[in-house]
Amino acid sequence: MSMLTRSMDIFWRRSVVVTAVGLASVVAGGGLRTAAPGWGHGSLDAVDVRARRDPTRRDSRCRSRAPRARRRAGRCALCGGMGGRRIVPWQPRPHRRRSISGVPPEPRTRMRWCEPAFGSRPMQDDDLPLLFELFESTPRQGPGSVASTHRALTLLPDGMRIERVLDLGCGTGASTLVLAEDTGAQITAVDIHPPFLETLRGRAAERGVAGRITTLVADMSDTDVLGDGYDLVWAEGSAYNIGFTNALRLWRPLLRPGGCLVVSELVWFTAEPAARAVEFFTEHYPEMGDEAQRLGDAREAGYEVLGSFRLPPGDWHAYYDGVDEALQDAVRRHGEREIYAATRLEKEIYAACGDDYGYVCLALRVPE
């Protein structure tokens, strides 16, 4: 998880029209979330016009829409919350990585952004480009390692046919490249931040696997464009973008019978975590559960559990080392910014409470 990959959940809403180029990562999956007045079905204007046009329509359904629209207009455009309050079941997530990359600098919409370090405030025009730049320069966009990717592959059935792989929320391709080299499969690497995919293509060419990797700018929840019949769907540290249980449900149809899903999720490692961590994640990732709960969610969604393991602390430390280096460069270029302080806060939480939470990697299988 990293809170880094935490702070800003961004999902496309059918009530919003955004035509900017460069909808990005985040991770991987998600899009701009806003329902400011004047932006379609979620706007106050749309509700009020309907009511004025026909006063007889002020029935319970119509009356209920206005409060909803007002709440939407006040939501944080990134996390979906109102002043840090949870609004929807799967938001916000802890990691900044993939969500943040999902918001284009243009067009400038009336958005509010909730940041844990400084609450809820109007989003500044230069905040998002700074975060794009920061995470484009890190070796990984979330905790992990080559060793952990290899270990996850060993959980798959012996002799399993792996010809087509879908890597959701691939970022700059740290896991994608390992999958290409180890499986020899054709891989579709999906992210919503084009610069991440550009970096991935360059790295793939350097390592001689470009012919086996196709990049796709897409939302990880848009199953209509992702295809189906995959032997393996891979989602390291990205399911939180759409919510873990929601991801299990949406991604199951992407797999062939007997196909596998490898997914990692942020969980509690103890029944009595530190109060500081509880406070932090209650605000920023209210869906967070424990390992047993996530295994139960997987079985309830119709998967067989092949195995699981916790990402080791070294995966976190290496990740934060990369973030520290990127932060130093960013501060030299742009000076100290609140968004950089928020990133440091995430690391401080892990340094103080990292024994209480972390990622668990699950290998799941769709029955034949």
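If you're matching positions, the sequence shown starts at 0 in numbering that gives the first Met the number 0 and goes up one per residue. Cβ atoms here follow ideal geometry from the backbone N, Cα and C, with glycine treated the same way.
Is proline 193 helix, strand or coil by DSSP? Residue state, collapsed to three classes: helix.
Would you give the residue range spanned by the beta strand (DSSP E) that proline 256 belongs to? Note, proline 256: beta strand (DSSP E), 254-267.
Buried or exposed: where does glutamine 327 fall if 16 or more other Cβ atoms within 10 Å of its Cβ makes it buried? An exposed status is given to glutamine 327, since fewer than 16 other beta-carbon atoms sit within 10 Å of its beta-carbon.
What does DSSP give as the partner residue(s) for tyrosine 222 in the beta ladder? Residue identity differs from the one stated: residue 222 is threonine in this sequence, not tyrosine. When beta bridges are read from the DSSP output, threonine 222 appears opposite no residue.
Where isoleucine 338 falls: helix, strand or coil (DSSP): Correct three-state label for isoleucine 338: helix.
Across the segment 177-193 and the segment 205-212, are there enough close Cβ pairs to call them in contact, namely three or more that are closer than 8 Å? Short answer: they touch.
Sort out for me which residues DSSP pairs arginine 348 with in a bridge. Looking at the sequence shown, residue 348 is not arginine but isoleucine. According to DSSP, which records beta bridges pairwise, isoleucine 348 is partnered with nothing at all.
Following the continuous beta strand (DSSP E) through glutamate 367, name the residue where it begins and the one where it ends. That residue, glutamate 367, is in no beta strand (DSSP E); it is neither H nor E in DSSP.
Taking its Cβ as the centre, do 16 or more other Cβ atoms sit within 10 Å of aspartate 230, making it buried, or is it exposed? Residue burial annotation: aspartate 230 is buried, with at least 16 other C-beta atoms found within 10 angstroms of its C-beta.
Alpha carbon to alpha carbon, how far is glutamate 135 from proline 370? Give it in angstroms, no decimals. Here the chain has residues from 0 to 367 only, and residue 370 is not among them.
Throw me the rounded Cβ distance for the glycine 321 and proline 138 pair, which I believe falls under 8 Å. Indeed, because the Cβ distance is near 5 Å, the residues count as touching under 8 Å.
Measure the C-alpha to C-alpha separation of glutamate 347 and aspartate 190 and round it to an integer number of angstroms. If I take the Cα positions, the gap works out to 28 Å.
What distance in whole Å lies between the Cβ atoms of leucine 225 and valine 304, which are believed to be in contact at a cut-off of 8 Å? Leucine 225 and valine 304 do not touch by the CB rule: their CB atoms are close to 23 Å apart, not below 8 Å.
Would valine 266 be called buried (16 or more neighbouring beta carbons within 10 Å of its own) or exposed? So valine 266 ends up on the buried side.
So, with DSSP's three-state summary, where would you put valine 102? Any reading at valine 102 must be qualified, since the residue scores a pLDDT of 36, below 50, and its modelled position is unreliable; the value itself is stated next. Looking at valine 102 - three-state DSSP - the assignment turns out to be coil, as it is neither helix nor strand.
Which residues does DSSP list as the beta-bridge partners of phenylalanine 308? DSSP lists Cys360 as the beta-bridge partner residues of phenylalanine 308.
For arginine 275 versus cysteine 352, is the C-beta spacing smaller than 8 Å? Between arginine 275 and cysteine 352, the CB-CB gap stays under 8 Å.
Under 8 Å: do the segment 332-340 and the segment 159-177 share three or more Cβ pairs, one atom per stretch? The answer is no - the segment 159-177 does not touch the segment 332-340, with fewer than three Cβ pairs under 8 Å.
Does DSSP put arginine 343 in a helix, a strand or coil? For arginine 343, the three-state secondary structure derived from DSSP is helix.
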